[in-house]
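One structure below.
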Amino acid sequence: MAWKNVRPDGNMVKWEAEGIELDGYYRGRRSGQFGGLGDLETEDGKFLTFPVTTALEHRLKDIKEGERIKIVYRGYRKTQKGIDFKFFDVFRWTDDEAEAPAE
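Its first residue numbered 60, the sequence shown is counted upward by one per residue in our numbering.
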């Protein structure tokens, strides 16, 4: 047995390149110096920290801590008013293939 940090400083993921994917267990949100941060634990036990934009926050609102998810950064989109924002797809792991989204 060993002690494991419950809120380690994870490797910071920056949403810079379209197509970035994060896959793992959602460990929740917290406040950072420049806004909201999310934490994800990968299958191999690594912790990743990522900035939570307003658009991503809306996608994560129904995700519970401990759920397995995949976040895919799809690049910039424009609102109806012409404002750029970062767009994401968020997938929830399911054992039911009928519910699994097509990627």
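Note that beta-carbon positions come from the ideal geometry of N, C-alpha and C, so glycine has one too.
Grab the span of the alpha helix (DSSP H) containing residue i for me, first residue to last.
i, result
"E75", "Counting along the chain, E75 falls outside any alpha helix (DSSP H), and DSSP gives it neither H nor E."
Between which two residues does the beta strand (DSSP E) holding residue i run?
i, result
"T108", "106–110"
"E116", "Unbroken run through E116 is the alpha helix (DSSP H), 113–119; no beta strand (DSSP E)."
"F147", "143–151"
"I128", "127–137"
"D82", "80–91"
"E100", "94–100"
Within the same chain, show all residues whose beta-carbon is closer than 8 Å to that of residue i, passing over the 5 residues directly before and after it, in chain order.
i, result
"A114", "F144, K145, F146, F147"
"L96", "R88, R89, S90, T108, F109, P110, V111"
Are the beta-carbon atoms belonging to residue i and residue j less than 8 Å from one another?
i, j, result
"N70", "T108", "yes"
"P110", "G94", "yes"
"R89", "E124", "no"
"L81", "I130", "yes"
Applying the criterion that 16 or more other CB atoms from any shown protein chain within 10 Å of the CB defines a buried residue, is residue i buried or exposed?
i, result
"R192", "The structure shown has nothing for residue 192, since the chain only spans 60 to 162."
"W74", "buried"
"I128", "buried"
"G83", "buried"
Might you give, ordered along the chain, the residues of its own chain that have their beta carbon closer than 7 Å to the beta carbon of residue i, omitting 5 neighbours on each side?
i, result
"E77", "Y132, R133, G134"
Please go through the same chain and pick out, in chain order, the residues whose beta-carbon is closer than 6 Å to the beta-carbon of residue i, but skip the five residues on each side of it.
i, result
"I79", "Y132"
I'd like to know if the stretch 86–100 and the stretch 141–152 are in contact, where contact means that at least 3 CB-CB pairs between them fall below 8 Å. no
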